[in-house]
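Asks: Each residue of the sequence shown is one higher than the one before, starting from 176 at the first, in my numbering.
Using N, Cα and C, we set each Cβ at its ideal position, and we do this for glycine too.
Pasting in a structure now, in structure tokens, and then I'll have a few things to ask.
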Amino acid sequence: MRACKKYFSFFRLRFNMGLQYRMAAVSGAFTQILWGFMECLAFLAFRQADPAAYPMTVSATVSYVWLREAFFSAFRTWQTDGEVFDSIMDGGIAYELCRPVSVYNMWFVKTVAGRISVATLRSIPLLAVACLLPKPFRLSPPAGPVPFMLFVLTLFLGLGVTVAFCMFTYILAFFTISPQGLRMMFTSMVDFLSGAIIPLPFMPDGVRTFLELLPFAGMFNLPLRIYSGDLTGASMLRGIGLQCFWLVTLLLAGKALCRAAEHKVVVQGG
């Protein structure tokens, strides 16, 4: 119980810190509204050009775009905690290791709190505008109460998968001189494989089937498609099962790698 209070304190401090940047969140939401509108136009133009090749309904695609923009701050892998990398690079990690807490758990909780706070500030104005737009640009309501509840569940599970994956960039920084190369590689890979750029249904069938087996499909692809009813039945249950599997796997692997890194820390600065 005492350990939980410690981590809750880390969560609360980072969450409150993130809520201080209100104007930055509003300006970012405005930028994302314009970007989302342009994406909707692009997808609609693609559908008009070749309706037979369009794998999703218009309402499902538009909902996917707006929900992705609304919660983009929670799932973007290039948004990492600079304080963590700074502590590793300048030697401050030595103080972190002296604390009576798990370094992995502390970084995980702080990262989750920071992402939730920013996503909360940005999603409220963005979703409000998306719900007021005329059709076909309007955000559609969820497919039903059950899909909405599963959407919320998979949204938080997807956040856990995203943060668990990002933890590897922190831990691998123990073994490198500079983490910039790792961050660039992971960012470029995950943005494409998770459906952050193009929804996975637009991929060729063979490629899509393979990508849906990877952990990245549980970040954007799964919760956003459940919301609109584009993913149902056995495919949805299989996706949720894979999401839970990858969350547990990434957490266990991350903790094991972190313990190995802690035993061979080389302080580069200080």
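1) What does the Cβ neighbour count give for residue 380, buried or exposed, with the cut at 16 atoms within 10 Å?
2) Just how far apart, CA to CA, sit residue 404 and residue 323?
3) Tell me whether residue 445 is buried or exposed, calling it buried when 16 or more other Cβ atoms sit within 10 Å of its Cβ.
4) Quick check on the DSSP output: the alpha helix (DSSP H) that includes residue 378 runs from which residue to which?
5) Just to confirm my understanding: we take residue 346, look at its own chain, exclude 5 residues before and 5 after, and list those with CB closer than 7 Å. What are they?
6) Quick check on DSSP: helix, strand or coil for residue 281?
7) Could you check the C-alpha separation between residue 233 and residue 214 for me, to the nearest Å?
8) Between the alpha carbons of residue 219 and residue 420, how many angstroms are there, rounded?
9) Mind listing, in chain order, the continuous alpha helix (DSSP H) runs of no fewer than 4 residues lying wholly within the segment 264–344?
10) Residues in its own chain within less than 8 Å of residue 350 by CB, not counting five upstream and five downstream?
11) Considering only the alpha carbon of each residue, which of 392, 355, 401, 252 lies closest to residue 263?
12) With a threshold of 8 Å, are at least 3 pairs of Cβ atoms found where one atom belongs to the segment 359–371 and the other to the segment 391–407?
13) Tell me whether residue 418 is buried or exposed, calling it buried when 16 or more other Cβ atoms sit within 10 Å of its Cβ.
14) Since residue 241 and residue 305 are thought to touch, with beta carbons under 8 Å apart, how far apart are those beta carbons, to the nearest angstrom?
15) Using the C-alpha atoms, what's the distance from residue 376 back to residue 183?
Replies: Taking the structure as given:
1) By one-based count along the sequence shown, residue 380 stands at place 205. Flag for residue 380 reads exposed.
2) In the sequence shown, counting from the first residue as 1, residue 404 sits at position 229. In the sequence shown, counting from the first residue as 1, residue 323 sits at position 148. Each residue's Cα considered, the two are about 9 Å apart.
3) To locate residue 445, count along the sequence shown from 1; it is residue 270. Low per-residue confidence applies at residue 445: pLDDT is 46, beneath 50, and the placement is therefore not dependable, though the value from the model is reported in the following sentence. Flag for residue 445 reads exposed.
4) Here residue 378 corresponds to residue number 203 of the sequence shown, with the count starting at 1. Where residue 378 is concerned, there is no enclosing alpha helix (DSSP H), given that its DSSP letter is neither H nor E.
5) Working through the sequence shown from its first residue, we reach residue 346 at position 171. Hits under 7 Å: 429, 432, 433, 436.
6) Within the sequence shown, numbered from 1, the residue matching residue 281 stands at position 106. Three-state result, residue 281: helix.
7) As a working mapping, residue 233 is identified with position 58 in the sequence shown. As a working mapping, residue 214 is identified with position 39 in the sequence shown. Cα to Cα, residue 233 sits roughly 12 Å from residue 214.
8) Walking along the sequence shown from the start, residue 219 turns up at place 44. Walking along the sequence shown from the start, residue 420 turns up at place 245. Straight-line Cα distance between these residues: approximately 35 Å.
9) Here the runs fully enclosed are 268–273, 278–307.
10) As a first step, residue 350 is located in the sequence shown; it is residue number 175 there, counting from the start. For residue 350, where only same-chain residues beyond five positions count, the Cβ hits under 8 Å are 436.
11) Translated into the one-based positions of the sequence shown, residue 263 becomes position 88. With distances taken between Cα atoms, residue 263 lies closest to 355.
12) A contact exists between the segment 359–371 and the segment 391–407.
13) For the purposes of this step, residue 418 is identified with residue 243 of the sequence shown, where counting begins at 1. Under this definition residue 418 is a buried residue.
14) Taking the first residue of the sequence shown as position 1, residue 241 is located at position 66. Taking the first residue of the sequence shown as position 1, residue 305 is located at position 130. Contact holds; Cβ gap of about 4 Å.
15) As a position in the sequence shown, residue 183 is number 8, starting the count at 1. As a position in the sequence shown, residue 376 is number 201, starting the count at 1. Answer to the nearest angstrom: the Cα atoms are 38 Å apart.
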